[in-house]
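Chains D and Z, in that order, are what the protein sequence lines are. To convert, note that position 33 of the first sequence is 34 in our numbering; the numbers rise steadily by one, no gaps. To convert, note that position 1 of the second sequence is 2 in our numbering; the numbers rise steadily by one, no gaps. So the structure is just underneath, and the comments pick up after that.
There are 2 protein chains.
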Amino acid sequence: MSASRTKASADKRRLILDAAVRVFARQGFHACRVSDIADEAGVAYGLVYHYFDSKDEVLDTLFLERWNVMLEVIRDADSRPMPVRDKLAAIVSFIVDSYRHDPDLMKVIIVEVTRAANSPGRTHLDQIRTAYELIAGIVSKGQADGTFRADIEARFAAMAFYGAIEQLLTGWIFGLLPLGEGEFERAKQLVLEVVCDGLEVSPVGEAAVG
Amino acid sequence: MSASRTKASADKRRLILDAAVRVFARQGFHACRVSDIADEAGVAYGLVYHYFDSKDEVLDTLFLERWNVMLEVIRDADSRPMPVRDKLAAIVSFIVDSYRHDPDLMKVIIVEVTRAANSPGRTHLDQIRTAYELIAGIVSKGQADGTFRADIEARFAAMAFYGAIEQLLTGWIFGLLPLGEGEFERAKQLVLEVVCDGLEVSPVGEAAVG
DNA sequence: TGGAATATTGACTGACCAGTCAATCTATTT
DNA sequence: AAATAGATTGACTGGTCAGTCAATATTCCA
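In structure tokens form, the structure reads like this:
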């Protein structure tokens, strides 16, 4: 098997995946037909089945790819020597930039989560669970070094953090939030402010609670 | 048309709706058949179509009902003379209790949002938008009376608040978060703490920022 | 009681679409 | 150049299921 052939094959696969992203974003996974994907990609119907076992596998592939990148980014942020707040900043920044760069893909990832989560094997759920655990781990470290208050379970904090981000994208996707170029950076900052200034030990305070 | 007849009719309709909740929660809207709903309700297939125009209308009805209650609760909280933090507490409390009381229903509401949001007319989106606006209004008042910091747009704060709650339920639904009876009250408290202590002007601080 | 209105039944139909497959084409290797 | 392997095509099939409808049962009212 020649290298150029392998590459051409991988390119075709990618072509189909990219077409699928556009179609899924436009019509939704359920409402679209496999022929729509083939048409969008400019290939014959059957070719989709040469590269994928089923329509579901196309969606699954997109999810696995994306979440693997996501996990990589989180692990990377976690491993760097920086303040915990900056680690969270790196994560929210990555997700928001993902949306800025490829809104269709992120729309699919957000809108079809529940379908993917119920897919056989539920591999995605494992990935999502891992992501939560990694974020919770970051929060824990923040608690250990005194940056974050210790009376909020890290797992819950991770939930709130990720929830805020996801809702942000959801708002953009469904037109519930304004969407200008300036919004992206402001949004990143905002999520951090809301979540961290609620997690960080009040610099003067402590007294505030008791 | 007699009153008892009207009532019996309404009861049958309700019977079908309740059965639909269980079936949707168990199998998902897409994966279930109308006959599953009829079987679960113990009625003939055709009767579903006597009370509803389509399968979608069944789901739509559940959404409209639930979001109307939701809007009512938010409006009610908003109108009472209480600290803004307590208003938010009332909202998160209602949603968490909704899940405690009827997890199947809330699972459907959470899991099938995007399908409902894309439904013709998109009435749900209007309701959701209204909910966001009402919550944002509450935050605004908090900003006006000095309880909340003014440098975070109310709309975004509402987003983060609702996002945290929704992610909480999502975590429970997909088994990403532990679920004991004690969890519910702790969770309510937690959401408030994360979000409000990030929004509220630091009691001693202010200095913290600049 | 009789007849009108409404409720209930479930077999049936027509459309839809995921996935198959046999045929054809293109590239690679010897 | 012939042979082999992989890529590409699109017509076709089989199963599924939402929605229809004509028949039957029940309730209501005069």
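Cβ coordinates follow ideal geometry from the N, Cα and C atoms, glycine included.
- When only Cα atoms are considered, phenylalanine 149 (chain D) and serine 80 (chain Z) end up about 35 Å apart.
- Nearest to valine 93 (chain Z) by alpha-carbon distance, out of Z:Leu169, Z:Cys33 and Z:Leu16, is Z:Leu169.
- Leucine 72 (chain D) is not a Cβ neighbour of alanine 20 (chain D), given a cutoff of 8 Å.
- Around the CB of glycine 147 (chain D), fewer than 16 other CB atoms lie within 10 Å, so the residue is classed as exposed.
- Close partners of tyrosine 163 (chain Z) in chain D (Cβ separation under 8 Å): Gln168.
- Proximity of alanine 11 (chain Z) to chain D, defined by a Cβ-Cβ separation below 8 Å, is not satisfied.
- Per the Cβ contact rule, the region 174-182 of chain Z is not in contact with the region 167-181 of chain D (fewer than 3 Cβ pairs under 8 Å).
- Remark: fewer than three beta-carbon pairs, one from each stretch, lie closer than 8 Å, so the region 118-129 of chain Z and the region 20-37 of chain Z are not flagged as touching.
- For glycine 29 (chain Z), no alpha helix (DSSP H) segment is defined, and its DSSP state is neither H nor E.
- Scanning its chain for C-beta atoms nearer than 7 Å, with the 5 sequence neighbours on each side dropped, one finds around leucine 16 (chain Z) the residues Ala42, in chain order.
- Residues Ile166 of the same chain have their beta carbon placed closer than 7 Å to that of isoleucine 96 (chain Z), with the five preceding and five following residues left out of the count.
- As the crow flies, the alpha-carbon of serine 141 (chain D) is around 30 Å from that of valine 112 (chain Z).
- Note on geometry: alpha-carbon atoms of aspartate 127 (chain Z) and glutamate 134 (chain D) lie some 35 Å from one another.
- Contact note: threonine 115 (chain Z) reaches chain D through Val112, using a C-beta cutoff of 7 Å and chain order.
- Its chain contains no residue whose beta carbon lies nearer than 6 Å to that of serine 55 (chain D) once the 5 sequence neighbours on both sides are disregarded.
- The beta carbons of leucine 193 (chain D) and leucine 89 (chain D) sit closer together than 8 Å.
- Below the 7 Å Cβ cutoff, chain Z contributes Asn119 as neighbours of glycine 29 (chain D), in chain order.
- Close to tyrosine 133 (chain Z), with beta-carbon spacing below 9 Å, are these residues of chain D in chain order: Gly172, Leu177 and Leu178.
- With contacts defined by Cβ atoms closer than 8 Å, valine 114 (chain Z) and leucine 63 (chain Z) do not form a contacting pair.
- In the three-state reduction of the DSSP assignment, phenylalanine 53 (chain Z) falls in the coil class, being assigned neither a helical nor a strand state.
- Counting the other Cβ atoms within 10 Å of the Cβ of methionine 83 (chain D) gives fewer than 16, which makes it exposed.
- Valine 192 (chain Z) has a beta carbon lying within less than 8 Å of a beta carbon in chain D.
- Between arginine 123 (chain Z) and the set Z:Asp77, Z:Met107 and Z:Leu65, the nearest pair of CA atoms involves Z:Leu65.
- Just measuring C-alpha positions, the residue of Z:Lys189, Z:Val195, Z:His125 and Z:Gly143 sitting nearest aspartate 61 (chain Z) is Z:His125.
- Contact between tyrosine 46 (chain D) and valine 59 (chain D) does not hold, since the beta-carbon distance rounds to 13 Å and is not under 8 Å.
- Taking 8 Å as the cut-off, the beta carbon of glutamine 144 (chain Z) is found closer than this to the beta carbon of alanine 151 (chain Z).
- Looking at the backbone, the Cα of arginine 130 (chain Z) and that of glycine 164 (chain D) are separated by about 17 Å.
- Close to leucine 18 (chain Z), with beta-carbon spacing below 7 Å, lies no residue of chain D; the smallest spacing is near 21 Å.
- If you keep only unbroken alpha helix (DSSP H) runs of at least 4 residues inside the region 141-178 of chain D, you get 155-174.
- Within chain D, the residues Leu191 and Val195 have their CB atoms less than 9 Å from the CB of alanine 158 (chain Z), given in chain order.
- For proline 104 (chain D), the enclosing alpha helix (DSSP H) has its first and last residue at 104-112.
- Aspartate 105 (chain D) and alanine 26 (chain D) have their C-alpha atoms some 5 Å from each other.
- Interface residue (Cβ-Cβ distance to chain Z less than 8 Å): arginine 130 (chain D) is classified as such.
- Residues of chain D whose Cβ lies closer than 7 Å to the Cβ of leucine 65 (chain Z) do not exist, since the nearest Cβ in that chain is about 17 Å away.
- Residues of chain Z with a Cβ closer than 9 Å to the Cβ of isoleucine 38 (chain D) do not exist; the shortest Cβ-Cβ separation is about 18 Å.
- The three-state secondary structure of asparagine 69 (chain Z), taken from DSSP, is helix.
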